[in-house]
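Student: Shown below is the structure under consideration.
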Amino acid sequence: MPAAFFGHGNPMNALEVNRYTAAWREFGRAVPRPRAILVVSAHWYIGATAVTAMPRPRTIHDFYGFPQQLFDLEYPAPGLPELAEEISDVVHPTWVGADLDSWGIDHGTWSVLTHAFPDADIPVVQLSINAFKGLDYHLDLGARLAPLRERGVLIVASGNVVHNLGGVDPRLTDEGFDWARRFDDAAREIMLDAPTDAARLDGHRDYDLAVPTPDHFIPLLYLAGLAGTGDGRPEVLVDGYAYGSLSMTAYTVGLSCPTAGRPAGAPSLPADVPADSANI
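Those letters in the sequence shown? Residues 131 to 410, per the numbering used here, in order.
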């Protein structure tokens, strides 16, 4: 199976047609049907490494202030409880807990999958981001997941390379600040040429602006780790910026997708909710 990292951005992307959601849909159409989808989402950022292991994960609406239509959206994909044991085996000796009832499918996952796999008929399992671990841990864990690709598991990471909600300018729906572009460009160079060096991006001069908290950046390291195993090189699926301080760049490994005919623009933010409080 291929693998991918998606810059998911504003939850409203789940309801929108733009060049990012069009690329996600193209990706889903190009992928051979997976046995299951394993997602590393920025929004399951906890003090442990765990996987969802319930047969019917709930759809989590982990934001506020958005239109009711977004809260009404459900992504009723089944789970695959037995995949939790497989994951534990392939990453051994790293410990991975099985979450039976606390999490589900958060918007970092369903806002992308509702476009890529709109029928919601492929089992979805999420892997948490362990907030207590350093960047190298996540890069290594991504590499350890590689055998799952040979077992029909599509591995997807979802975050944003640049994700500074405090710096959002809602008027800049399709632009990036200079510092955001510099960091995104540096990340692209590393991902395309030397993905196993991706954890060294914390030394970039714009890292603190681009990554004020690591939750949305870390998913990129999982794809970098997978790419470092030698089974495919990363390619850019789509790129661009939203609100000045978010990068929407997405990467694939082991799959190229068409790029023609995509519409432009990121969706608008809610008028009454500060971006840094809306959990995008």
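Ideal Cβ positions, reconstructed from N, Cα and C, are used throughout, including at glycine.
Being a predicted model, the structure only gives us computed values, none of them experimental.
1) Just the Cα atoms here: how many angstroms apart are L200 and T151?
2) I'd like to know whether the C-beta atoms of Y373 and P300 end up nearer to each other than 8 Å.
3) Given this structure, state the Cα-to-Cα distance separating A328 from A134, to the nearest angstrom.
4) Roughly how many angstroms separate the alpha carbons of N260 and R311, rounded to a whole number?
5) Taking only three categories from DSSP, how would you classify I410?
6) Is the Cβ-Cβ distance between V181 and A144 less than 8 Å?
7) Roughly how many whole angstroms lie between the Cα atoms of L278 and G139?
8) Can you grab the Cα-Cα spacing for the pair L265 / L351, in whole Å?
9) Excluding five sequence neighbours on each side, which residues of the same chain lie with their C-beta closer than 7 Å to the C-beta of D192?
10) Please report the residue range of the beta strand (DSSP E) in which E365 lies.
11) Going by the C-beta, is W233 closer than 7 Å to any heavy atom of the ligand FAD?
12) Taking three-plus beta-carbon pairs below 8 Å as touching, is the segment 269-286 in contact with the segment 209-228?
13) Compute the distance between the beta-carbons of A246 and P206, then report whether it is under 8 Å.
14) Beta-carbon within less than 6 Å of V341's beta-carbon, same chain only, minus the 5 sequence neighbours each way: which residues are those?
Tutor: In short:
1) 15 Å
2) yes
3) Distance between the alpha carbons of A328 and A134: 15 Å.
4) 28 Å
5) In this prediction, I410 has a pLDDT of 48, which is less than 50 and means its spatial position is unreliable; what the coordinates show is noted afterwards. The answer is coil: DSSP assigns I410 none of H, G, I, E or B.
6) no
7) Roughly 27 Å separates the two Cα atoms.
8) 7 Å
9) H173, D236, H237, N409
10) 364-368
11) The ligand FAD is absent from the structure shown, which contains no ligand whatsoever.
12) yes
13) Result no, Cβ atoms of A246 and P206 do not sit closer than 8 Å.
14) F347
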